[in-house]
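In our numbering, the protein residues as written are 18 to 304.
Glycine included, C-beta positions come from ideal geometry on N, C-alpha and C.
All figures in this text were calculated on a predicted structure; none of them were measured in a lab.
The structure is reproduced here in structure tokens:
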């Protein structure tokens, strides 16, 4: 009886030894495979280079998105200050920029006897600011997209949570969309004022009805209103038809704004809304 028990125990021990060895072999192969996948992901592929470029550009941005993981961090207050400052500047360039440039034209006409070409130099700062603002916001949101994709690849569930609470991010997204509309409105009225000749005007009709300088101050303010209206219907892809581009440059700028509008719609309905639902579900589970 003892010999049978000893033989059975040896057989049992040998079986489990082989089972442990097989399990260790499988774990070793899986570990080697995971290491191989990590090495492949670390290779300098095009997507990795683009991801690193976006992170680098975001670090240069004056309007950072990833400074804080804690919603109570002071850097979020700084970001809100930046958002408010840029929004005020965008509003100023759209609705008071034509008024300011009209005043400059009146001064130059009074001093020189006619509107000097030097007055058009002052149209460049609003354009530079608007182009920088658009590129800055695109880089920031593209970085969010790549960070979320990286989190999904890694299997982590906190891709957006570690950036900020998604509801707060959607609020910033709305402000960013308004700033893009205002930035394009600035570009439109500057293009209309810079190419004032009838053969080079970028749109089917001017945003203004009289020539610069204007004695009617309301007319200079109405330029900004018309430019904002055209920018809003363009990014919403409504196309009312009262203003439309007639030159190649005008069509390029309008097409770029439509693409940005589609890009932001993609963010809201494909990324932001599902992320908010997922975060709310996870928050209920973690309570």
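Could you check the C-alpha separation between residue 128 and residue 223 for me, to the nearest Å? Taking the first residue of the chain shown as position 1, residue 128 is located at position 111. Taking the first residue of the chain shown as position 1, residue 223 is located at position 206. One C-alpha to the other measures close to 27 Å.
At least 3 beta-carbon pairs within less than 8 Å: the stretch 187-203 vs the stretch 241-249: yes
Thinking residue 277 and residue 197 are a contact (beta carbons under 8 Å), I'd like their distance in whole angstroms, please. Here the question's residue 277 lines up with position 260 in the chain shown. Here the question's residue 197 lines up with position 180 in the chain shown. About 6 Å separates the two Cβ atoms, so the contact holds.
Closer than 8 Å by C-beta to residue 148: which residues in its own chain qualify, once you throw out the five before and the five after it? Chain order, please. Counted from its first residue, the chain shown places residue 148 at position 131. Cβ within range, chain order: 200 and 204.
How many Å lie between residue 108 and residue 236 at the Cα? Locating residue 108 in the chain shown gives position 91, where the first residue counts as 1. Locating residue 236 in the chain shown gives position 219, where the first residue counts as 1. If I take the Cα positions, the gap works out to 17 Å.
Near residue 240, which residues of its chain fall below 7 Å by C-beta distance, leaving aside the five closest residues on each side in sequence? To locate residue 240, count along the chain shown from 1; it is residue 223. Once the five neighbours on either side are set aside, the close Cβ partners of residue 240 are 115, 206, 224 and 225.
Less than 8 Å between the CB atoms is what I'm expecting for residue 220 and residue 267, so what's the real figure, rounded? Walking along the chain shown from the start, residue 220 turns up at place 203. Walking along the chain shown from the start, residue 267 turns up at place 250. The pair is a contact, with the Cβ atoms about 6 Å apart (cut-off 8 Å).
Enclosing alpha helix (DSSP H) for residue 115 [first to last residue]: Within the chain shown, residue 115 is the residue found at index 98, counting from 1. Counting along the chain, the alpha helix (DSSP H) containing residue 115 begins and ends at 114-129.
Sequence-distant residues of the same chain with beta carbon closer than 6 Å to residue 252, five excluded per side: Translated into positions along the chain shown, residue 252 becomes position 235. Taken in chain order, the residues that qualify are 198, 274 and 278.
Name the DSSP bridge partner or partners of residue 262? Indexing the chain shown from 1 puts residue 262 at position 245. 220, per the DSSP bridge assignment.
With residue 146 and residue 112 assumed to form a contact (beta carbons below 8 Å), what rounded beta-carbon distance in angstroms separates them? Position 129 of the chain shown, counting from 1, holds the residue named residue 146. Position 95 of the chain shown, counting from 1, holds the residue named residue 112. Incorrect: roughly 15 Å between the Cβ atoms, too far for contact.
Closest to residue 143 by CA distance: which of 105, 264 and 124 is it? Here residue 143 is taken as the residue at index 126 of the chain shown, counted from 1. That would be 105, whose Cα lies nearest to the Cα of residue 143.
Exposure label - residue 160; buried when at least 16 CB within 10 Å: By one-based count along the chain shown, residue 160 stands at place 143. So residue 160 ends up on the buried side.
Where does residue 205 sit, in a helix, a strand or coil, going by DSSP? Residue mapping note: residue 205 aligns to position 188 of the chain shown, counting from 1. The answer is helix: DSSP assigns residue 205 an H, G or I state.
Quick one: is the Cβ of residue 146 within less than 7 Å of any heavy atom of the ligand NAP? With respect to the ligand NAP, the structure offers nothing, as it holds no ligand at all.
Can you tell which of 124, 157 and 213 has its C-alpha closest to the C-alpha of residue 194? Taking the chain shown and counting its residues from 1, the one referred to as residue 194 is at position 177. Comparing Cα positions, the closest option is 157.
Coil, strand or helix - residue 304 by DSSP: The sequence position of residue 304 within the chain shown is 287, counting from 1. Bear in mind that the predicted position of residue 304 carries a pLDDT of just 42, short of 50, making it too unreliable to give a figure here.
Whose C-beta lies closer than 7 Å to the C-beta of residue 234 among residues of the same chain, with five residues either side of it excluded? Position 217 of the chain shown, counted from the first residue, corresponds to residue 234. If we look at residue 234 and ignore the five residues flanking it on each side, its Cβ neighbours are 116.
Roughly how many whole angstroms lie between the Cα atoms of residue 281 and residue 269? To locate residue 281, count along the chain shown from 1; it is residue 264. To locate residue 269, count along the chain shown from 1; it is residue 252. The alpha-carbon atoms of residue 281 and residue 269 are separated by roughly 19 Å.
Exposure of residue 217, with buried meaning 16 or more beta-carbon neighbours within 10 Å: Taking the first residue of the chain shown as position 1, residue 217 is located at position 200. Classification of residue 217: exposed, given that the 10 Å Cβ count is below 16.
Whose CA, out of 100, 213 and 99, lies closest to the CA of residue 137? Locating residue 137 in the chain shown gives position 120, where the first residue counts as 1. Checking every option, the nearest Cα to that of residue 137 belongs to 213.
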